[in-house]
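Okay, so here's the structure we're looking at.
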Amino acid sequence: MWGAGLINGLRITMRNMLRGPITVMYPYEKLELPERSRWAVRSKYFEDGDPRCTACMACVRSCPDHILDLEVTTAEDKSKHIDRFSYEVGACMMCGLCVETCPFDAIEMSHDYELAVTDAPLLSEDLLADVDAASAKRHRELKAAAQAAAEAAAPSAAPVADDAAPTEKGGDDA
Ligand code: SF4
Ligand code: SF4
1 MWGAGLINGL RITMRNMLRG PITVMYPYEK LELPERSRWA VRSKYFEDGD PRCTACMACV
61 RSCPDHILDL EVTTAEDKSK HIDRFSYEVG ACMMCGLCVE TCPFDAIEMS HDYELAVTDA
121 PLLSEDLLAD VDAASAKRHR ELKAAAQAAA EAAAPSAAPV ADDAAPTEKG GDDA
């Protein structure tokens, strides 16, 4: 029917006339980003403020753009000091491979998307500098404590009721 297209066009026109604006007055207004948005890589910290990074280098090796770099000093007792954990944010493609690779949940894809700078050198930044690296032992202890707390909070296996029906093997009550 030739009028169907006309009616459909009017319907779309009316719908667009009646709906509110979908633009925002950035930077005065900002949209809330979806939870899974991937923007600049950022370091994560323990509750006491110490960095979670153990300087294991896994993220450095996994980055396809080769833009992560760790300068580490290892002491005689094998503890590590991060002199510099650099990140060339201007060359980052926000793929998230470094975050997925990190075995210690020490970095994240943040929602920090306002990355424009006026000086090119600012496109390279330090994720960490002059801090002691976390030990793998500390991570293991925290993981064990969290697991124990989760098990304690979980409902325990349902106890067998006194009047429960005997199982097939329960033939000694005859
Ligand atoms: S998000 Fe991708 S490109 Fe950016 S630092 Fe991580 S691995 Fe490299
Ligand atoms: S951020 Fe994660 S993967 Fe990278 S060095 Fe630190 S602990 Fe290792």
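Its first residue numbered 1, the sequence shown is counted upward by one per residue in this note's numbering. Glycine is no exception: its CB is placed at the ideal position from the N, C-alpha and C atoms.
Integer Cβ distance of residue i from residue j, believed to fall under 8 Å
i: Arg-84; j: Glu-71; result: 4 Å
i: Gly-90; j: Leu-123; result: 3 Å
i: Ser-79; j: Asp-132; result: 7 Å
Run of the alpha helix (DSSP H) containing residue i, from where it starts to where it stops
i: Glu-141; result: 136 to 153
i: Met-25; result: Note, Met-25: premise wrong, no alpha helix (DSSP H); not H, not E.
i: Arg-52; result: Unbroken run through Arg-52: none, as it is neither H nor E.
i: Leu-115; result: From DSSP, Leu-115 is part of no alpha helix (DSSP H); its letter is neither H nor E.
i: Gly-5; result: 2 to 18
i: Glu-100; result: 97 to 101
Per DSSP, the bridge partner or partners of residue i
i: Tyr-87; result: Leu-68, Glu-125
i: Val-60; result: The partner list for Val-60 (beta bridge, DSSP) is empty, contrary to what the question assumes.
Cutoff 6 Å; reference residue i; Cβ partners in own chain excluding five residues on either side
i: Ser-110; result: Trp-39, Ala-40, Arg-42
i: Ala-106; result: Lys-44, Arg-52, Cys-53
i: Thr-74; result: Lys-80
i: Asp-69; result: Ser-86
Bounding residues of the beta strand (DSSP E) (the contiguous stretch that carries residue i)
i: Glu-108; result: 107 to 109
i: Ser-43; result: 41 to 43
Minimum C-alpha distance to residue i - residue among the options
i: Arg-140; options: Met-17, Cys-63, Thr-54; result: Thr-54
i: Phe-104; options: Leu-33, Cys-59, Ile-7, Gln-147; result: Cys-59
i: Ala-134; options: Ala-145, Ala-152, His-81, Glu-125; result: His-81
i: Leu-142; options: Met-14, Glu-47, Asp-126; result: Glu-47
i: Leu-128; options: Gly-49, Ala-120, Glu-151; result: Gly-49
7 Å Cβ shell around residue i - same chain, five flanking residues per side excluded
i: Asp-65; result: Ala-91, Cys-92, Met-93
i: Glu-100; result: none
i: Val-117; result: Leu-123
Close-in-space but distant-in-sequence residues of the same chain around residue i (CB under 8 Å, 5 per side omitted)
i: Asp-172; result: With a pLDDT of 39 at Asp-172, under the threshold of 50, the modelled position of that residue is not reliable, and the figure given next carries that caveat. If we look at Asp-172 and ignore the five residues flanking it on each side, it has no Cβ neighbours.
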